[in-house]
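Novice: One structure is given below, represented as structure tokens, and several questions about it will come after.
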Amino acid sequence: KEEAMQLIAAARQAGVAAYLRPLSDTFPAFDAVAVTAGGQVLLLQMTISRKHDISGSVALETLQFFVNQCGTAGTVQLVFVVAPKATWSAFSKQRVGKCNVSQYALLLCGRREAADYGDGVESSDDAGGGGSSSGKRKRQRR
1152 KEEAMQLIAA ARQAGVAAYL RPLSDTFPAF DAVAVTAGGQ VLLLQMTISR KHDISGSVAL
1212 ETLQFFVNQC GTAGTVQLVF VVAPKATWSA FSKQRVGKCN VSQYALLLCG RREAADYGDG
1272 VESSDDAGGG GSSSGKRKRQ RR
């Protein structure tokens, strides 16, 4: 936990985005951490289940540690990355003990599924500089 906090602090101080994934497959509370260039910390939990409460003393303690260490309300968010669409549609706020953290559900879908969203999804040519492949990229508009 302490090493992850050092990496989060370094990314925030440098003003760079970072994606951190624990080396352990059994890290309690969440699966990865994303830090935005603006210093926002997103605790990412991937799931295919409609219920994915953060429970157990170690998981709750870990979640609370990161929320406390990462700063004020609004700078830390718990994001459930959910697939498939049927699960995401029925996904609701999860239990996280007494931890005061904002929760969000993000739908993870492929290109075919994204095309089904019509006006909610925008296509744009990938003008990436340096890569030789030029495909289509889908993104959810908010």
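When you number the sequence shown by my numbering, it's gap-free, plus one each residue, and the end is 1293. Yeah, the Cβ is synthetic: ideal placement off N, Cα and C, and Gly gets one too. All of these numbers come straight from a predicted model, not from anything done at the bench.
1) Please classify Val1184 as buried or exposed, where buried requires at least 16 neighbouring CB atoms within 10 angstroms.
2) In whole angstroms, give me the CA-to-CA distance for Ala1155 and Leu1259.
3) Output the boundary residues of the alpha helix (DSSP H) element that contains Gln1220.
4) Please list, in chain order, all residues of the same chain as Leu1193 whose beta carbon is under 6 angstroms from its beta carbon, the five residues on each side excluded.
5) For Cys1250 and Ala1256, what's the separation of their Cα atoms in angstroms?
6) Are the region 1199-1206 and the region 1233-1246 in contact at 8 angstroms, needing three or more beta carbon pairs?
7) Write down the C-beta distance between Leu1174 and Asp1182 rounded to the nearest angstrom, noting that I regard them as a contact closer than 8 angstroms.
8) Is it buried or exposed for Arg1163, if we count other Cβ within 10 angstroms and need 16 for buried?
9) Taking 8 angstroms as the cut-off, decide whether the C-beta atoms of Trp1239 and Val1233 are in contact.
10) Determine the burial state of Ala1168: buried for a count of at least 16 other Cβ atoms within 10 Å of its Cβ, exposed for fewer.
Specialist: With the given structure in hand:
1) buried
2) 25 angstroms
3) Ser1208 to Cys1221
4) Ala1185, Gln1228 and Val1230
5) 17 angstroms
6) yes
7) Not a contact, Cβ separation roughly 12 angstroms.
8) buried
9) yes
10) exposed
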